[in-house]
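Engineer: Next up is a structure, given as structure tokens.
Residue numbers (my numbering): 476 to 725.
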């Protein structure tokens, strides 16, 4: 939840955006009762905010449940198009896709969650299935980012998200995740082996600027296309080179 004690904030606006974030975090639909329980607000309050957001086009109703609508699409595209990091990253990611013939992208962290700032894929391949989970702990780029954050920030994110297990390979405990993050920080490379989706692998390298991590560049692919030396050495080397060029252009 947002900090409602700040004197300059509007509680109703805070609640509406908390509802929106809850819908986004679910990656699916949610009913009024469940949403009210999740946010610890009255059911009538949850319903009023959902109905208002539906009328504005930012939420849509499916049966007795609600999900995010397409109203945010234009806003997101406008914000992204004016983002310097996105503008600079796009050419490097497109080149990375061309060189590796694999889906690739850049992820940033916002409020403890992963945001796909830009992603691309080979023209011969469907884009379906190559988005990243909003949870940082289960993806290569997410772990690369976490490994570069201050320890207290990592603790805050762990407590906020509760590390849900996406597959049986997900690092779903704080101790296991921290152990992995320490190794990632030492090596400067994060690997993903079916932690957010069965059959998917990825490699990511953090993007650091002025002593802080601002994102992570990744290459993803199916297990049969991402294995052995190609997965563990070739692609990591290509990403490292891409990130160096990218950082010099920021």
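Just so you know, even glycine gets a beta-carbon here, dropped at the ideal spot from N, CA and C.
Could you check what DSSP says for residue 591 in three-state terms: helix, strand or coil?
Structural biologist: Three-state DSSP puts residue 591 in a strand.
Engineer: Skipping 5 residues on each side, what residues in its chain have a beta carbon closer than 7 Å to that of residue 666?
Structural biologist: The answer, listed in chain order, is 615, 678.
Engineer: Can you find the residues in the same chain that come closer than 8 Å, C-beta to C-beta, to residue 606, ignoring five residues on each side of it along the sequence?
Structural biologist: Within the same chain, residue 606 has close Cβ partners 591, 594.
Engineer: For residue 554, which residues from the same chain have a beta carbon less than 7 Å from its beta carbon, with the 5 sequence-adjacent residues on both sides left out?
Structural biologist: Once the five neighbours on either side are set aside, residue 554 has no close Cβ partner at all.
Engineer: Is DSSP giving residue 418 helix, strand or coil here?
Structural biologist: Residue 418 is absent from the structure shown; the chain starts at 476 and stops at 725.
Engineer: Do three or more CB pairs link the stretch 576-588 to the stretch 611-630 at distances below 8 Å?
Structural biologist: Output reads yes: the stretch 611-630 touches the stretch 576-588.
Engineer: Would the stretch 615-625 count as touching the stretch 656-665 if we require 3 or more Cβ pairs under 8 Å?
Structural biologist: Segments in contact, yes.
Engineer: Which stretch, first to last residue, makes up the beta strand (DSSP E) that contains residue 623?
Structural biologist: Run containing residue 623: none; DSSP gives neither H nor E here.
Engineer: Is the distance from the Cβ of residue 694 to the Cβ of residue 575 below 7 Å?
Structural biologist: Yes.
Engineer: Bridge partners of residue 584, per DSSP?
Structural biologist: Looking at the DSSP assignment, residue 584 forms a beta bridge with 589.
Engineer: Please name the residue or residues paired with residue 537 in a DSSP beta bridge.
Structural biologist: For residue 537, which the question treats as bridged, DSSP gives the partners 540.
Engineer: If we count the other Cβ atoms within 10 Å of its Cβ and call it buried at 16 or more, is residue 670 buried or exposed?
Structural biologist: Residue 670 is buried by the Cβ-count criterion.
Engineer: Three-state secondary structure (DSSP) at residue 658?
Structural biologist: Note: residue 658 maps to helix in three-state DSSP.
Engineer: With 16 as the cutoff for other CB atoms within 10 Å, does residue 706 come out buried or exposed?
Structural biologist: It is buried - the Cβ of residue 706 has at least 16 other Cβ atoms within 10 Å.
Engineer: Can you list, in chain order, the residues of its chain with a C-beta nearer than 6 Å to that of residue 688? Leave out the 5 residues immediately preceding and following it.
Structural biologist: 620, 623, 681.
Engineer: Distance check for residue 533 and residue 725, CA to CA, integer angstroms please.
Structural biologist: Using only the alpha carbons, I get a separation of about 33 Å.
Engineer: How should residue 577 be labelled, buried or exposed, when 16 other C-beta atoms within 10 angstroms of its C-beta is the threshold for buried?
Structural biologist: With 16 or more Cβ atoms within 10 Å of its Cβ, residue 577 is classed as buried.
Engineer: When burial is assigned at 16 or more other CB atoms within 10 Å of the CB, is residue 567 buried or exposed?
Structural biologist: It counts as buried.
Engineer: Use the C-beta contact count for residue 517: other C-beta atoms within 10 angstroms, 16 or more gives buried, fewer gives exposed.
Structural biologist: By the neighbour-count rule (16 or more Cβ atoms within 10 Å), residue 517 is not buried but exposed.
Engineer: With a floor of 4 residues, list each alpha helix (DSSP H) that falls wholly inside the stretch 492-536, ordered by position along the chain.
Structural biologist: Counting whole runs of 4 or more residues, the stretch 492-536 contains the alpha helix (DSSP H) stretches 507-514, 518-531.
Engineer: Going by other Cβ atoms of all chains shown within 10 Å of its Cβ, with 16 needed for buried, is residue 491 buried or exposed?
Structural biologist: Buried, since its Cβ has 16 or more Cβ neighbours within 10 Å.
Engineer: Whose CA, out of 717, 486, 668, 529, lies closest to the CA of residue 643?
Structural biologist: Cα-wise, what sits closest to residue 643 is 668.
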